[in-house]
Amino acid sequence: MNHSIWKLLTTVRQILLVVLMVVSAESVASIACAEGTVTEGEAAFEAEDYDRALAIFKPLAEQGDVDAQFYMGYLYELGEGVGQSYKKAFEWYSRAADQGDAYTRFLVGVFYYEGWGVKQSTREAAKHYAVAADAGNSDAQFNLAMLYRSGDGVKKSPEKAFELLKLAAEQDDAEAQVEVGLVFENGELVEQSYETAAYWYGKAADQGDPGGQAYLAELYENGKGGEKDLKRAFKLYKAAADQEYDYAAKKLGNMLEDSRKPKTEIFLMAANLFNSGDTVMGVNMWKKVAEMGDRDAQVVLGKLYETGQGGLEQSYTKALYWYEQSALQGHPGAQNNLAVLHVTGNGTPKDIGKAKFWFEWAARNGLEQAKQSAASLK
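Structure representation (structure tokens):
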């Protein structure tokens, strides 16, 4: 072979080798960059910089990154950074699901169930839920359980529904925990157990689930699964009602209207409400128990009217009335406050004789300051 030709071929080989090395280095750098930018894309998404998130996720998704494919689907579902499109969201979720991602498989099931971007099919939804459920996705387990319970898209099977609910509940799915609790409370498919029901309701309630809070409250209210505890029941009903859970709001209203409950319990419920910031409901409860004859509630109501607190319009006349109702039942604080009104002439003509009478009565009931006040009057 001609020496010059050999030299040329050698030079070409060297050039090709350098090119290949550069291309390989760029590919590695590109992959490394892609792996790193998923986190950057998530940061942009969390910062609501959706245009930047899209710019980061799209090339990664097209290269097959599952997380990026999920976010592309989510951006299209929300219509953030792109025009809203359930069809494109479905396509991206499907691409991620086809790579074995359980959560996007669950989402594909949701889209089939709702008919978003694809022809509605509960049967297809059930198939996708089943794949995701087998992979351990608790959302899919819960949704599939609901289908087995109703027989929608699958053959009805309460037993399979319960098995799936337990799997989801054990993964801290709050809705599933409530449903498992209901099964044990009602004795469906299992031996009835209020204790076990309370356990599952408690798990859900600890996560702030209003259903768990309401059903656990009901057990406390009726003394099922443990000791009767109206105070805890009230707090749980209130927590659920604050989340606009209708059942809890109704039960809370029933507790407020139930005159059979001990007045002391209602008084404490009112105090809890008032101190937690719900002054209107707290005052309304104090009014109810005051009208039932509770002397503690009467003196509290008197003080609220005297000072114009708790959303009440200031009224010495009404304060005088409630202090008097409580004082006649021997409440030393009410007797002292009533005496002060007679001294100052607020809500009643000034009358030192009546003031001294009430101070002395309060003193006999153990109020030391009333004894001193009575001695100071001439």
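full-length UniProt numbering applies: residue 1 is where the sequence shown begins, and numbers increase by one. A virtual CB, placed ideally from N, CA and C, is assigned to each residue, including glycine. Given the structure is predicted, the values throughout are model-derived calculations rather than measurements.
Whole-Å CB distance - residue i paired with residue j, under 8 Å assumed
{"i": "G117", "j": "Y86", "result": "3 Å"}
{"i": "A339", "j": "S373", "result": "7 Å"}
{"i": "K166", "j": "Y148", "result": "Not quite, the Cβ-Cβ distance comes to about 13 Å (not below 8 Å), so this is no contact."}
{"i": "Y323", "j": "L312", "result": "Not confirmed; about 14 Å, so no contact."}
{"i": "Y201", "j": "K224", "result": "The Cβ separation is near 11 Å, so there is no contact."}
{"i": "Y50", "j": "E80", "result": "4 Å"}
{"i": "Q335", "j": "A297", "result": "So it is not a contact: roughly 16 Å between Cβ atoms."}
{"i": "F106", "j": "A140", "result": "4 Å"}
{"i": "G100", "j": "Y71", "result": "Rounded, the Cβ-Cβ distance is 17 Å, inconsistent with contact."}
For residue i, the first and last residue of its enclosing alpha helix (DSSP H)
{"i": "H128", "result": "122-134"}
{"i": "G212", "result": "210-222"}
{"i": "S94", "result": "86-97"}
{"i": "D206", "result": "194-206"}
{"i": "M285", "result": "279-291"}
{"i": "E51", "result": "Note on identity: in this sequence residue 51 is Asp, with Glu being the wrong assignment. Per DSSP, D51 belongs to the alpha helix (DSSP H) from 50-62."}
{"i": "A47", "result": "Where A47 is concerned, there is no enclosing alpha helix (DSSP H), given that its DSSP letter is neither H nor E."}
{"i": "P349", "result": "Taken as a continuous stretch (DSSP letters only), P349 belongs to no alpha helix (DSSP H), as it is neither H nor E."}
{"i": "residue 379", "result": "It is not possible to answer for residue 379, since the shown part of the chain is limited to 1 through 378."}
{"i": "K228", "result": "It is not in any alpha helix (DSSP H) - K228 carries neither H nor E in the DSSP assignment."}
{"i": "Y245", "result": "No alpha helix (DSSP H) holds Y245; DSSP gives it neither H nor E."}
{"i": "V66", "result": "66-78"}
{"i": "G109", "result": "102-114"}
{"i": "G151", "result": "Neither: G151 is in no alpha helix (DSSP H) and is coded neither H nor E."}
{"i": "N137", "result": "Segment: none, N137 is in no alpha helix (DSSP H) and carries neither H nor E."}
{"i": "K166", "result": "158-169"}
{"i": "K303", "result": "295-307"}
{"i": "N186", "result": "174-186"}
Burial state of residue i, where buried means 16 or more other Cβ atoms lie within 10 Å
{"i": "T37", "result": "buried"}
{"i": "A29", "result": "Unreliable positioning characterises A29 in this predicted model, as indicated by a pLDDT of 36, which lies under 50. The coordinate reading is nonetheless provided below. It is exposed - the Cβ of A29 has fewer than 16 other Cβ atoms within 10 Å."}
{"i": "G302", "result": "buried"}
{"i": "T317", "result": "exposed"}
{"i": "G208", "result": "exposed"}
{"i": "S27", "result": "Summary for S27: the model assigns pLDDT 38, below 50, so the residue's position carries little reliability; its value from the coordinates is reported in the next sentence. So S27 counts as exposed."}
{"i": "G333", "result": "buried"}
{"i": "L320", "result": "buried"}
{"i": "N143", "result": "buried"}
{"i": "A47", "result": "exposed"}
{"i": "G353", "result": "exposed"}
{"i": "T104", "result": "buried"}
{"i": "K238", "result": "buried"}
{"i": "S150", "result": "exposed"}
{"i": "Q177", "result": "buried"}
{"i": "D172", "result": "exposed"}
{"i": "V190", "result": "exposed"}
{"i": "E218", "result": "buried"}
{"i": "G73", "result": "buried"}
{"i": "Q309", "result": "exposed"}
Contact test: residue i Cβ vs the ligand PLP heavy atom, cutoff 8 Å
{"i": "Y71", "result": "Annotation note on the ligand PLP: not contained in the displayed structure, which lists no ligands."}
**Request:** Say whether the region 123-133 touches the region 69-87, bearing in mind that this needs 3 or more beta-carbon pairs closer than 8 Å, one atom from each stretch.
**Result:** Cβ pair count under 8 Å is below three, so no.
**Message:** When you compare the region 272-282 with the region 243-250, are there three or more beta-carbon pairs, one atom per stretch, that lie closer than 8 Å?
**Reply:** In the pairwise beta carbon analysis, the region 272-282 is classified as not touching the region 243-250: fewer than three pairs are separated by under 8 Å.
**Asked** Is the region 206-213 touching the region 173-193, taking contact as three or more C-beta pairs under 8 Å?
**Response** A contact exists between the region 206-213 and the region 173-193.
**Prompt:** Are at least three pairs of beta-carbons, each pair with one atom in the region 283-297 and one in the region 265-275, less than 8 Å apart?
**Reply:** Look at the beta carbons and you see the region 283-297 touching the region 265-275: at least three pairs across the two are nearer than 8 Å.
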